[in-house]
Every structure is written in C-alpha cells, then in structure tokens.
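S.K.: Chains as they are written, first to last, in the working numbering: chain E, 1 to 184; chain G, 1 to 443.
Just dropping this structure here.
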C-alpha cells in the first residue's frame with residue numbers, strides 16, 4: 001500500500017467511526033439485494049425456444065423421406081398413419097383443413113392454421129412424442145418436421161429442412177393472425 | 001366434431017349428480033361419494049348406483065371417523081391425531097371434476113363453484129389445466145434462469161427467490177377455454193361444467209420488477225418467454241410491459257407453498273391474463289425484442305373469427321359473472337325465500353356492479369357484495385329473492401371499473417362468430433321450473 005493510500009484508508013476509518021451512530025439511526029435503503037448467480041452462455045445449453053427468425057436452430061437436418069420412417073416409429077401410433085389424428089387419444093390431425101378456416105366447420109392443423117414453420121420444430125423437439133418428450137435427435141426432429149410439411153404440401157417432397165431452410169418455409173396461413181383488436 | 005357435439009360428449013350429470021340444496025341444509029354425502037377418487041367422471045357415474053350403504057371411507061381430502069349418536073357423550077379425538085395437518089370434514093364431498101377425459105395428461109379439472117363459500121377457492125379445489133401432467137419437482141434442485149436482453153444473466157435458487165422482497169395479492173385465474181361449450185347454445189348441466197375453470201387464491205411471491213433490477217433488464221418494451229419445467233415444457237411470450245406492471249413470481253398460495261397442480265415450487269402470475277400464460281413450474285425467462293410464436297400462442301389460445309383470421313395474444317379476461325345458487329341440476333324444495341348468489345370478476349380491474357334478473361332480463365336489480373371488490377379478483381354477489389313457485393329465468397350481468405359491461409351470447413356471436421372457442425363471457429341464464437328444477441337455458 002502506498003503511503004498516500006494508507007493515509008486515505010486511515011481517514012476513512014476515522015470518518016466511518018465518527019458517523020457510526022448516525023448510520024445506525026438512519027439506515028440507507030438497500031439499492032439492490034443482488035441475489036442469484038451470474039451465468040454464461042454455457043449454462044444455457046440445455047434450453048431452447050425457436051422464434052420465426054430461426055435463431056437457436058441446432059445443426060443437423062432431414063428430408064421428408066427420412067422423416068417418414070421416424071414418423072411411423074414415433075408418431076403414427078397417436079396421430080394416425082395419414083396424420084388424420086386420433087380424437088380418442090386427444091391427438092390432433094396434423095394435416096388437412098386447408099381453406100376451411102372461414103367456413104362453419106374450420107379444421108385447424110399445421111397445414112391449414114399454423115403461421116410459422118419454426119413453431120413446428122420447436123414444439124416437436126419440446127413436447128413430442130407425447131409419451132417420451134425430448135427423446136428425438138435433432139436430425140429426427142428436422143426429418144419429421146419435413147415429413148409433416150411435405151405431407152401438407154407446404155414443401156416439395158425432396159426438400160432438405162435445416163437451420164437455414166426451415167425459417168424460409170412459407171406457411172399457407174402465414175397472414176392469418178392479427179393482434180387482439182379488443183378496445184377497452 | 002362441432003363445439004356442441006364436443007360439449008355434449010364432455011358433459012356429465014343427470015339426476016344422480018343433483019347437487020340439490022334441499023331447504024338450504026348441507027347435503028349428506030351418499031355412500032357413492034366416498035368412491036369418487038377424483039378421476040374421470042364417467043367412472044363416478046358408473047359407480048353411482050352401485051353403493052348405497054352408509055359410507056365407511058371419507059371423500060378425497062377427508063378422513064373417515066365413526067360418528068357417535070351424541071358427540072357430547074364420548075370423548076373427541078385427541079389433539080395432534082391428524083399428524084399435524086388437518087383435513088376437511090368427512091361430510092364435505094365437493095370435488096374437482098374432469099369433463100373431457102380423452103387424454104388425462106392434457107386435460108382439465110373444474111372447480112365445484114356451486115359448493116364454494118365466500119370468495120377464496122380452497123387450494124385443493126383450484127381448477128387444473130395441464131398439458132402433460134403434473135411434474136414432481138424438488139425445490140432444492142429447482143432454479144429459475146433469467147437471460148436474453150439483460151445485463152447480467154442469472155440463475156436463482158428457490159432460496160434466492162424467497163429472500164427477495166415479496167407481495168401478497170388476491171386474484172382470480174380463469175382458463176380462456178372456460179365456458180366454451182356455451183358459445184352456440186346452453187350445453188353444460190351444472191355451473192361446475194359451464195364455469196368451473198375459474199378459481200381465486202391469495203398469491204405470494206416476488207414482483208417481476210424486482211427481479212428485473214437483479215438482472216438489469218435492458219428495455220421496458222419487448223417480450224419475455226416464460227417456460228415451465230413440466231414435460232410439456234410449456235412456453236408463452238409475455239409483453240415486458242405487463243410483467244413490469246404487476247406480474248408476480250408466486251411461491252405461495254392461500255398461506256402455504258403453492259400446490260403441485262398450481263406450479264410448485266414457482267409459477268408466473270399475470271393478474272387478469274388468460275390462465276395458460278401464468279406459466280407453472282417456472283424455470284426460465286428469456287427477454288427478447290419479439291414474441292417467440294410458440295405453439296400455445298399460435299395453434300392454440302388464438303380466437304378464430306368468421307372471416308378466417310385469428311386474434312392472437314388475446315390476454316385480458318373480459319368481465320364475467322355467473323349465478324352459482326340456484327344453478328343447473330339443483331332443485332328448490334318449494335316457493336319461498338332464497339338468496340341468489342354468484343361470482344363476478346374482471347381481468348381489467350375491479351367489478352363495479354352486478355345486476356340480477358329473475359324474469360329473463362326484462363327487469364334488473366343491483367346485487368350486493370359479500371366482500372369489497374379488489375382489482376382483478378372475484379367478488380361474491382347476492383340478492384334476496386322470494387320465489388312465488390312460478391317459472392323464472394335467472395340472469396346475472398356485471399360491469400367493471402373500465403365501464404365494460406358483460407355481453408349476451410347474441411352480442412358475442414354477432415361480434416366474434418361461432419368459431420372463436422376461447423374467451424366466452426356471455427350472460428348465463430338458469431331456468432327455474434315450477435317443480436323447482438334448475439336447467440341451463442337460453443334467456
């Protein structure tokens with residue numbers, strides 16, 4: 001410690017001692033509890049949420065042809081071999097219903113209703129298969145995503161779906177949503 | 001399947017389920033009620049006629065004891081014999097019911113509103129809506145991470161969160177699917193089936209604004225993704241503005257730790273917002289400039305209009321009220337004096353007024369309140385009624401402090417069409433027949 005800093009510290013101690021009583025009588029409000037542990041990117045590796053920009057999409061990819069087998073193995077038991085859904089299991093149809101939204105019997109599916117392709121990847125990776133969520137590899141998720149989109153005639157049956165192609169897929173109902181217009 | 005077919009399939013009830021309040025005396029539970037283990041209502045209905053003997057086991061949430069002929073002549077139970085955590089009386093049998101049992105992992109159970117007393121829902125009767133079951137979470141291992149557009153991304157343990165300054169507030173929660181079977185026509189038989197996705201609790205926790213300072217939130221606009229630690233890994237995007245205004249990270253419910261079905265150990269509480277956005281088992285908040293467009297804010301929880309466009313981010317629950325006594329499937333024992341009572345609530349502020357009609361809407365009378373209206377909370381209303389034994393149609397309609405008045409079914413259909421599914425808040429009407437039976441009718 002330099003002599004100057006020593007003198008400074010000494011003065012500080014004196015001032016603090018002198019003010020001791022009044023500090024206790026008039027406590028300063030605590031600006032910030034400062035709780036919680038700071039984390040880094042590495043600590044977030046296990047989390048994801050894919051917005052329409054595609055930010056955070058993992059490496060890997062898959063085609064509809066690759067997805068067909070994965071779908072048969074992991075999805076068809078609940079969603080049906082033709083993606084027609086199984087109401088008795090509460091598993092919705094994944095395709096069909098295009099053009100039905102403005103009718104008396106709207107059928108809402110990935111094909112007819114979903115505005116963003118990224119939601120499909122996110123939801124399958126997050127929550128499907130329903131009885132074994134999070135169990136598919138990223139390649140498998142890309143592949144079943146591609147297979148569902150191709151079955152709904154949203155993409156060509158040969159298209160590769162990956163981090164760069166998925167966000168560019170134009171969903172049939174992409175202009176179908178408006179923000180809550182209620183006025184109060 | 002149309003909305004109506006779905007609703008019909010999902011409705012249970014019938015004479016067996018009649019929650020009559022004969023002469024306003026408490027109902028004595030029948031033997032069959034002891035077997036109601038809270039599972040599918042179809043199971044309960046199947047067993048309804050099978051057992052008629054006096055009960056030897058208690059309803060869920062109660063313990064069965066022999067009932068002495070004269071409780072003044074035998075000693076009661078010693079202190080502490082309940083192990084230190086009390087249960088409700090064995091004579092109280094109201095339970096949550098499941099009306100859509102297709103998949104019990106992604107389904108809901110409804111609060112027995114007709115049995116509710118006062119304004120707070122007992123935690124064990126709070127409605128449920130899960131998207132892949134109720135997780136079991138050890139609070140010593142549970143953490144909340146907050147990251148994205150913040151200066152210091154952080155991980156908070158439950159201990160950290162409980163050390164932060166807290167607030168305690170009473171609010172209702174309502175699923176935006178509540179009352180959807182009623183969109184097109186009267187459908188549900190009881191008020192539990194028509195309006196039971198509504199409950200009120202006292203919630204305790206840390207305000208989001210406190211947490212925002214701990215991590216150094218970069219902006220006041222934008223969106224936050226809230227994520228649950230259940231196996232649906234539920235996600236919703238919430239406007240930062242709402243979170244800063246009044247959001248609570250709640251760990252307490254009605255004076256104890258939040259129940260597992262309500263998000264133990266931590267849930268997001270967004271006063272007045274549709275139930276689904278109040279993410280349970282909260283494990284992560286990611287701040288961003290745009291919404292994430294998750295499945296639950298696109299495919300679901302969006303309101304389809306007749307022109308084929310869907311309303312998105314329909315957050316606030318509009319003002320709504322319902323008469324819970326007398327209500328569907330009850331039977332009044334005869335002409336005479338009754339207190340019409342029910343609940344009113346608004347996601348936009350305090351309920352300012354409730355009016356009741358006993359003649360199908362021709363005349364309205366202001367009801368009185370049991371409790372002082374609190375912001376974004378239910379209020380119990382009542383109106384004394386001398387029933388003359390003739391046909392009557394009972395209605396309630398409420399207004400909130402923004403001036404909004406609860407609409408009729410016709411007004412809602414005219415404004416939003418028949419496919420919106422979510423956010424039905426039309427005026428509910430109950431028909432009282434001369435024999436005292438109450439049914440769900442169009443006014």
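Cβ coordinates follow ideal geometry from the N, Cα and C atoms, glycine included.
Quick one: grab the DSSP three-state call for residue 48 of chain G.
M.R.: Any reading at residue 48 of chain G must be qualified, since the residue scores a pLDDT of 38, below 50, and its modelled position is unreliable; no value is offered.
S.K.: Where residue 89 of chain E and residue 394 of chain G are concerned, what is the direct C-alpha to C-alpha distance, given to the nearest angstrom?
M.R.: Distance between the alpha carbons of residue 89 of chain E and residue 394 of chain G is about 38 Å.
S.K.: In this structure, how does DSSP classify residue 304 of chain G when only helix, strand and coil are distinguished?
M.R.: Reduced to three states, the DSSP call for residue 304 of chain G is strand.
S.K.: With DSSP as the reference, label residue 33 of chain G as helix, strand or coil.
M.R.: Low confidence applies here, because residue 33 of chain G scores a pLDDT of 37, under 50, leaving its location unreliable and the question unanswered by this model.
S.K.: Among G:424, G:119, G:385, which has the Cα closest to the Cα of residue 444 of chain G?
M.R.: The structure shown does not extend to residue 444 of chain G, since chain G spans only 1 to 443, so no value can be given for it.
S.K.: Tell me residue 316 of chain G's beta-bridge partners as DSSP assigns them.
M.R.: Note: residue 316 of chain G sits in a beta bridge opposite G:273.
S.K.: What are the boundary residues of the beta strand (DSSP E) that residue 78 of chain E is part of?
M.R.: Looking at the DSSP string, residue 78 of chain E is not in any beta strand (DSSP E); the run it does join, the alpha helix (DSSP H), is 76-79.
S.K.: Would you call residue 69 of chain G buried or exposed, if buried means 16 or more other Cβ atoms sit within 10 Å of its Cβ?
M.R.: With fewer than 16 other Cβ atoms within 10 Å, it is exposed.
S.K.: Can you pull the DSSP bridge partners for residue 223 of chain G?
M.R.: Per DSSP, G:239, G:288.
S.K.: Label residue 386 of chain G either buried or exposed according to how many other C-beta atoms from any shown protein chain fall within 10 Å of its C-beta, with 16 as the threshold for buried.
M.R.: Burial call: exposed.
S.K.: Considering only residues of the same chain and omitting the five flanking positions on each side of residue 41 of chain G, which have a CB-CB separation below 7 Å?
M.R.: Caution applies to residue 41 of chain G, whose pLDDT of 38 falls short of 50 and renders its modelled position unreliable; the model cannot decide the point.
S.K.: Residue 88 of chain E versus chain G: which residues are under 8 Å apart at the beta carbon?
M.R.: Simply 102.
S.K.: Please list, in chain order, the residues of the stretch 46-58 of chain E that have any C-beta partner in chain G closer than 7 Å.
M.R.: The residues in question are 47, 49, 51, 52.
S.K.: Would you mind sorting residue 115 of chain G into buried or exposed? The rule is 16 or more other CB atoms within 10 Å of its CB.
M.R.: It counts as buried.
S.K.: At what residues does the beta strand (DSSP E) containing residue 115 of chain G begin and finish?
M.R.: That residue, residue 115 of chain G, is in no beta strand (DSSP E); it is neither H nor E in DSSP.
S.K.: Please report whether the beta-carbon of residue 158 of chain G lies at a distance below 8 Å from any beta-carbon of chain E.
M.R.: Cβ-Cβ to chain E under 8 Å: no for residue 158 of chain G.
S.K.: Hey, residue 397 of chain G and residue 341 of chain G: beta-carbon distance below 8 Å or not?
M.R.: In this structure, residue 341 of chain G does not lie closer than 8 Å to residue 397 of chain G by Cβ.
S.K.: For the alpha helix (DSSP H) that contains residue 123 of chain E, what are its first and last residues?
M.R.: 117-127 is the span of the alpha helix (DSSP H), which, as asked, contains residue 123 of chain E.
S.K.: Which chain E residues are close to residue 306 of chain G, counting only those with a beta carbon under 8 Å from its beta carbon?
M.R.: Correct list: 102.
S.K.: Please name the residues in the stretch 312-342 of chain G whose beta-carbon is closer than 9 Å to at least one beta-carbon of chain E, in chain order.
M.R.: Those residues of the stretch 312-342 of chain G that come within reach of chain E (Cβ to Cβ, closer than 9 Å) are 312, 313, 314, 315, 316, 318.
S.K.: Give, in chain order, every residue of the stretch 275-287 of chain G whose Cβ lies closer than 8 Å to some Cβ of chain E.
M.R.: From the stretch 275-287 of chain G, only 284, 286 have a Cβ closer than 8 Å to chain E.
S.K.: Helix, strand or coil for residue 142 of chain G, going by three-state DSSP, please let me know.
M.R.: Correct three-state label for residue 142 of chain G: coil.
S.K.: Under 8 Å, Cβ to Cβ, is there at least one residue of chain E near residue 427 of chain G?
M.R.: Not one chain E Cβ lies under 8 Å of residue 427 of chain G.
S.K.: Please list the partners that residue 292 of chain G has in chain E, where partner means a Cβ-to-Cβ separation under 9 Å.
M.R.: Simply 49, 50, 51, 52, 118, 119, 122.
S.K.: Among G:165, G:109, G:153, G:148, which one has its Cα closest to the Cα of residue 29 of chain E?
M.R.: Answer by Cα proximity: G:165.
S.K.: Leaving aside the five residues before and after residue 284 of chain G along the sequence, list all residues of the same chain whose C-beta is less than 6 Å from its C-beta, in chain order.
M.R.: Excluding positions up to five away in sequence, the list reads 145, 227.
S.K.: Check whether the stretch 169-178 of chain G touches the stretch 201-208 of chain G, taking contact to mean three or more Cβ pairs, one atom from each stretch, closer than 8 Å.
M.R.: Contact holds: three or more Cβ-Cβ distances are below 8 Å.
S.K.: Verify whether the separation of the beta carbon atoms of residue 286 of chain G and residue 225 of chain G is less than 8 Å.
M.R.: For residue 286 of chain G and residue 225 of chain G, yes; Cβs fall inside 8 Å.
S.K.: Let me know the secondary structure DSSP gives residue 87 of chain E once reduced to three states.
M.R.: Correct three-state label for residue 87 of chain E: helix.
S.K.: Since residue 44 of chain E meets chain G, which of its residues come closer than 8 Å, beta carbon to beta carbon?
M.R.: Ordered by position in chain G, the residues that pass the 8 Å Cβ test against residue 44 of chain E are 145, 147, 153.
S.K.: Suppose you measure from the CA of residue 420 of chain G to the CA of residue 104 of chain E; what does that come to, to the nearest Å?
M.R.: Their backbone Cα atoms lie some 11 Å apart in a straight line.
S.K.: Out of G:247, G:307, G:434, G:110, state which residue places its alpha-carbon closest to the alpha-carbon of residue 335 of chain G.
M.R.: Among G:247, G:307, G:434, G:110, the Cα nearest to that of residue 335 of chain G belongs to G:434.
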